[in-house]
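Participant:
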Amino acid sequence: MTREAAGDLPRVTVYTDGACRGNPGPGGWGVVLASGQHEKTLKGYEADTTNNRMELMAAIMALRTLNTPCEVALWTDSQYVRQGITQWIHNWIKRGWKTAAKQPVKNAELWKTLHEETQRHQVEWHWVKGHSGHPGNERADSLANEAIDEHQN
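Counting from 1 along the sequence shown, just add 87 to a position and that's the residue number in this note's numbering.
(1) Considering just the uninterrupted stretch of the alpha helix (DSSP H) at D228, what are its terminal residues?
(2) If you draw a straight line from the C-alpha of E126 to the C-alpha of V99, how long is it?
(3) Can you give the Cα-Cα distance for L201 and I147, rounded to whole angstroms?
(4) For G183, count neighbouring C-beta atoms within 10 Å of its own C-beta (all shown protein chains included) and say buried if the count is 16 or more, exposed if not.
(5) Look at E133 and G117 and say whether their C-beta atoms are less than 9 Å apart.
(6) Please return the same chain residues whose Cβ sits closer than 6 Å to the Cβ of V119, not counting the five positions on each side in sequence.
(7) So, is A234 buried or exposed, given that buried needs 16 or more other C-beta atoms within 10 angstroms?
(8) Let's see if you can read the secondary structure: which residues bound the beta strand (DSSP E) around L143?
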């Protein structure tokens, strides 16, 4: 698909976070999407997962929920997600989803899905220090933990 000029696309700011209790263990992901005066939140849960899988799921679900191509500023506190999608993925694809050490890429199915979702949008990936008081990140973190709490009570 040919991407439209970034200036013509709706602009969306996204905050994502994943949480896991036990790692592996029960996990949740949270998303805050904001565009102009509009805001939407998402959250999800998996009974047996890892923190990295939940971080990936948050980014996937954030991009998947956008119905039309958008210019996205996506903020994550996961260097794993940010570096994976901006730096490492290109070589993983070239090597047939193998690492430099010729091992299978962990969470390859989620990385493939995230890569597909990024093709519909113009995404700028940003890192924010977790638990540093950043309002968007704190809300995404709260949503991820709420998702776990709702299934454990």
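Where is the CB? At the ideal position from N, CA and C, for every residue including glycine.
Facilitator: Answer, in terms of the structure:
(1) P222 to Q239
(2) 9 Å
(3) 5 Å
(4) With fewer than 16 Cβ atoms within 10 Å of its Cβ, G183 is classed as exposed.
(5) no
(6) Y102, T128, G223, R226 and A227
(7) buried
(8) It is not in any beta strand (DSSP E) - L143 instead sits in the alpha helix (DSSP H) that spans N138 to R151.
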